[in-house]
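*Asks:* First, the structure itself, so that you have it in front of you.
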Amino acid sequence: MPGWDLHQLRHTAISVRIAHDYTEVDLKRFSGHTSLRSLERYIADNREAAKRKARAWERRQG
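Numbering follows UniProt numbering, in which position 60 of the sequence shown is assigned residue number 60; successive positions increment by one, without gaps.
Following this line, the structure appears as structure tokens:
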């Protein structure tokens, strides 16, 4: 994909799996991470994204 590097694609793929409630074991297996600690940044990013989406939805609802 033009404009995307491998790290961005990997981050997106992991983030999508987090959003679809993959288990920690599945996430580690898919990503190749050996500990949950190394996945924490992806999980935190997804929590923040979910909060932003919720706030945007609330604003649209008035």
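Beta carbons are placed, not taken as given, at the ideal position from N, Cα and C, and that holds for glycine.
With a cut-off of 8 Å on the beta carbons, I'd call phenylalanine 30 and arginine 17 a contact; round off their distance for me.
*Replies:* 6 Å
*Asks:* Could you spell out the range, first to last residue, of the alpha helix (DSSP H) harbouring leucine 39?
*Replies:* That residue, leucine 39, is in no alpha helix (DSSP H); it is neither H nor E in DSSP.
*Asks:* Please classify residue 87: does DSSP put it in a helix, a strand, or coil?
*Replies:* There is no way to answer for residue 87, as the model of the chain reaches only from 1 to 62.
*Asks:* Leaving out the 5 sequence neighbours to the left and right, which residues in its chain are closer than 8 Å to threonine 34 when beta-carbon positions are compared?
*Replies:* Lys28
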